[in-house]
Structures are given as structure tokens and as C-alpha cells.
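**Student:** Chains as they are written, first to last, in the numbering used here: chain A, 1 to 140; chain B, 1001 to 1112.
The beta carbon of each residue, even a glycine, is placed where N, CA and C say it ideally should be.
Structure below; questions to follow.
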């Protein structure tokens, strides 16, 4: 059982054979590329499918961002080193799935968008994947 | 027997136009709320992202009526890295939370 949404996502993604490690919020200093980070709680809103005044379990929609960080080009040869399949494989591993080790009940995850950003100055490809998690609120 | 259907058709069309206009107004009001919320949430350094946030007048397309809320990434190039983060800076999302709240506004009260 993971202690947080991002912990559950980390455990889930690292079990999907993507070949990279995922970290909560930020990677350790000097972590070599490629790797992933997970930012949870981008927003948490109540789930309109449930009655706002009679929902003791507290069904919510949490927006989480999964980031992939990859080297863009080999600095010596200039050859492209970005994986053309990693982003798709990550989306496929998330969309429609349930994070089974989440601390609360998770109805499902939906990928609502993915943006590819080229950070030329730091020779990095940043793919930001926005995921909506339908879950219940945690108890103390 | 001859049925007079043209009056009924005209009345139905008028009802539908009124309903569509009301829905358009609702969407525009929700978009205004979303814009206000995004301006509240956006981190302010020089204030150019906040000042660049805006919405257009609603437009009708083949896919329906829509209103755009956002900021031009050509005019404010760092709007996107602030929303999604970059290497060394975590995301400071302002559009997505505002959108989620606006979506809930519409879901809970479609006739805002």
C-alpha cells in the first residue's frame, strides 16, 4: 500500500517495464536522464457524479502531472537520443488503469493531455502528461 | 384534414434559439469565472502572465459554441513552462485548476 497518489503512481509505472525510475516532485540531484517525476495535487475537485451533500466517502477528481525527462541530442555527435516511444508507452500504461496500491479507492485514471516541450538550453525533452484520478479522500 | 405545422415549427425554432442563447450565456459566465480563478492562481513575478490572461468572445463552430480562455504563448513565452514546470522548477499550474473548477461549476449548475 502506497502512502500517497504519487507513491501509487510510482509503484504502478515502475512495474510497467518502461525502463526508467519515477520520483515524487523532483529527482535527486545529478540524477542521469531519462527519468520521470510525479507532481500530485495539481488540483482536487469534488466529483459531480456524486451528491455533494451525501457522499461520506468523498469522491474527488485529482489532477496529477507525470513528467518524462529525456536527453534531446547526444552532445558530441548531435544525434537524436530521445525515445520516440516512451511517451506513448507511458500514456498507455496510465490511461484507463487503476493504481492498485493507492492509499484510497481509485475508480480509474484518465490521461487528459500530453505536452512535449523542448528545453534547448539544457538539451532536454520534457513531456508533461496530465492525468485525472478518480478516487476517494483519505482518512486520518 | 389539413394540419398547420408551420406555426408549431416556428415556435419550436424560437424556443430552441432561446435555449441555445441561454446555454451560450452560461458558458460565457463560466469562462469569466475560470479567467478570474486563473488570475488568482497564477504566480506573479512581473505579472505578465496574469496580465496576458484573457478570453475571447464566444464563437460558433461546426463543433458547437466555444469560448477560449488562456494566454498567448507567443506573447508570453514563459506561460507554458510555469504551467507545466521545467527542469529544476516544478509546475505551478494555474490553467488546469481553474478549468477543473469551471467544469465543476457547469456540472453542478448548468444554468449558471
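Any beta carbon from chain A within less than 8 Å of residue 1068 of chain B's own beta carbon?
**Tutor:** One-based indexing of the second chain puts residue 1068 of chain B at position 68. By this cut-off, residue 1068 of chain B is not an interface position.
**Student:** Nearest CA to the CA of residue 126 of chain A: which residue from A:44, A:136, A:56 and A:115?
**Tutor:** Here residue 126 of chain A refers to the residue found at position 126 of the first chain. Of the listed residues, the one whose Cα sits closest to residue 126 of chain A is A:115.
**Student:** Which stretch, first to last residue, makes up the alpha helix (DSSP H) that contains residue 1008 of chain B?
**Tutor:** Within the second chain, numbered from 1, the residue matching residue 1008 of chain B stands at position 8. That run of the alpha helix (DSSP H) goes 1006 to 1041.
**Student:** How long is the line joining the alpha carbons of residue 122 of chain A and residue 130 of chain A, rounded to whole angstroms?
**Tutor:** Within the first chain, the letter at position 122 stands for residue 122 of chain A. Within the first chain, the letter at position 130 stands for residue 130 of chain A. Taking the straight line joining both Cα atoms gives about 23 Å.
**Student:** Within the chosen definition, does the stretch 1078 to 1092 of chain B reach the stretch 1017 to 1035 of chain B through at least 3 CB pairs nearer than 8 Å?
**Tutor:** At 8 Å Cβ cutoff, the stretches do not touch.
**Student:** Any idea what DSSP makes of residue 110 of chain A, helix, strand or coil?
**Tutor:** Locating residue 110 of chain A in the first chain gives position 110, counting from the first residue. Here residue 110 of chain A sits in strand by DSSP.
**Student:** For residue 38 of chain A, decide whether its Cβ has a neighbour in chain B, counting only Cβ atoms nearer than 8 Å.
**Tutor:** Locating residue 38 of chain A in the first chain gives position 38, counting from the first residue. Chain B, which has no Cβ nearer than 8 Å to the Cβ of residue 38 of chain A, makes this no.
**Student:** Quick one: what's got a C-beta closer than 7 Å to residue 1097 of chain B's C-beta in the same chain, skipping five residues either side?
**Tutor:** Counted from its first residue, the second chain places residue 1097 of chain B at position 97. Excluding positions up to five away in sequence, the list reads 1041.
**Student:** Between residue 103 of chain A and residue 4 of chain A, is the Cβ-Cβ spacing less than 8 Å?
**Tutor:** The residue you call residue 103 of chain A lines up with position 103 of the first chain. The residue you call residue 4 of chain A lines up with position 4 of the first chain. Yes, Cβ-Cβ distance for residue 103 of chain A and residue 4 of chain A is below 8 Å.
**Student:** Can you name the residues of chain B whose CB is closer than 8 Å to the CB of residue 42 of chain A?
**Tutor:** Here residue 42 of chain A refers to the residue found at position 42 of the first chain. Within chain B, the residues near residue 42 of chain A are 1091, 1093, 1096 and 1097.
**Student:** Using alpha carbons as the reference points, say which of A:132, A:76 and A:101 lies closest to residue 113 of chain A.
**Tutor:** Taking the first residue of the first chain as position 1, residue 113 of chain A is located at position 113. Here the closest residue by C-alpha is A:132.
**Student:** Considering only the alpha carbon of each residue, which of A:80, A:51 and A:36 lies closest to residue 24 of chain A?
**Tutor:** Sequence index remark: in the first chain, residue 24 of chain A carries index 24 (1-based). Considering only alpha carbons, the answer is A:36.
**Student:** So which of B:1021, B:1024, B:1072 and B:1093 has the shortest CA-CA distance to residue 1044 of chain B?
**Tutor:** Position 44 of the second chain, counting from 1, holds the residue named residue 1044 of chain B. The shortest C-alpha separation from residue 1044 of chain B is found at B:1093.
**Student:** Should the stretch 45 to 52 of chain A be regarded as contacting the stretch 71 to 80 of chain A, the criterion being three or more beta carbon pairs within less than 8 Å?
**Tutor:** They do not touch, by the three-pair rule.
**Student:** List, in chain order, every chain A residue whose beta-carbon is nearer than 7 Å to that of residue 1008 of chain B.
**Tutor:** Taking the first residue of the second chain as position 1, residue 1008 of chain B is located at position 8. Correct list: empty, because the minimum Cβ distance to chain A is about 36 Å.
**Student:** Could you give the distance in angstroms between the alpha-carbon of residue 1059 of chain B and the alpha-carbon of residue 1067 of chain B?
**Tutor:** Walking along the second chain from the start, residue 1059 of chain B turns up at place 59. Walking along the second chain from the start, residue 1067 of chain B turns up at place 67. Distance between the alpha carbons of residue 1059 of chain B and residue 1067 of chain B is about 7 Å.
**Student:** Among A:89, A:34, A:56 and A:64, whose alpha-carbon lies nearest the alpha-carbon of residue 72 of chain A?
**Tutor:** If you number the first chain from 1, residue 72 of chain A lands on position 72. Ranking A:89, A:34, A:56 and A:64 by Cα distance to residue 72 of chain A puts A:34 first.
**Student:** Enumerate, from N- to C-terminal direction, the unbroken beta strand (DSSP E) stretches of 3 or more residues contained entirely within the stretch 5 to 42 of chain A.
**Tutor:** For the stretch 5 to 42 of chain A, whole beta strand (DSSP E) runs of length 3 or above, ordered along the chain, are 22 to 24.
**Student:** Go ahead and label residue 1008 of chain B buried or exposed: buried means 16 or more other beta carbons lie within 10 angstroms of its beta carbon, across all protein chains shown.
**Tutor:** To locate residue 1008 of chain B, count along the second chain from 1; it is residue 8. Exposed: under 16 other Cβ atoms inside 10 Å.
**Student:** Verify whether the separation of the beta carbon atoms of residue 58 of chain A and residue 136 of chain A is less than 8 Å.
**Tutor:** To locate residue 58 of chain A, count along the first chain from 1; it is residue 58. To locate residue 136 of chain A, count along the first chain from 1; it is residue 136. In this structure, residue 136 of chain A lies closer than 8 Å to residue 58 of chain A by Cβ.
**Student:** If you measure from the beta carbon of residue 1052 of chain B to each beta carbon in chain A, is any gap under 8 Å?
**Tutor:** As a working mapping, residue 1052 of chain B is identified with position 52 in the second chain. Chain A contact via Cβ: absent.
**Student:** Is the closest heavy atom of the ligand MN to the C-beta of residue 58 of chain A under 7 Å?
**Tutor:** Looking for the ligand MN in the displayed structure turns up nothing, as the structure carries no ligands at all.
**Student:** Would you grab the beta carbon distance between residue 1052 of chain B and residue 1071 of chain B for me? Rounded to a whole angstrom, and I think it's under 8 Å.
**Tutor:** Against the second chain, residue 1052 of chain B aligns to sequence position 52. Against the second chain, residue 1071 of chain B aligns to sequence position 71. Contact holds; Cβ gap of about 4 Å.
**Student:** Closer than 7 Å between beta carbons: that is the criterion. Which residues of the stretch 69 to 97 of chain A meet it against chain B?
**Tutor:** Cβ contacts with chain B: 69.
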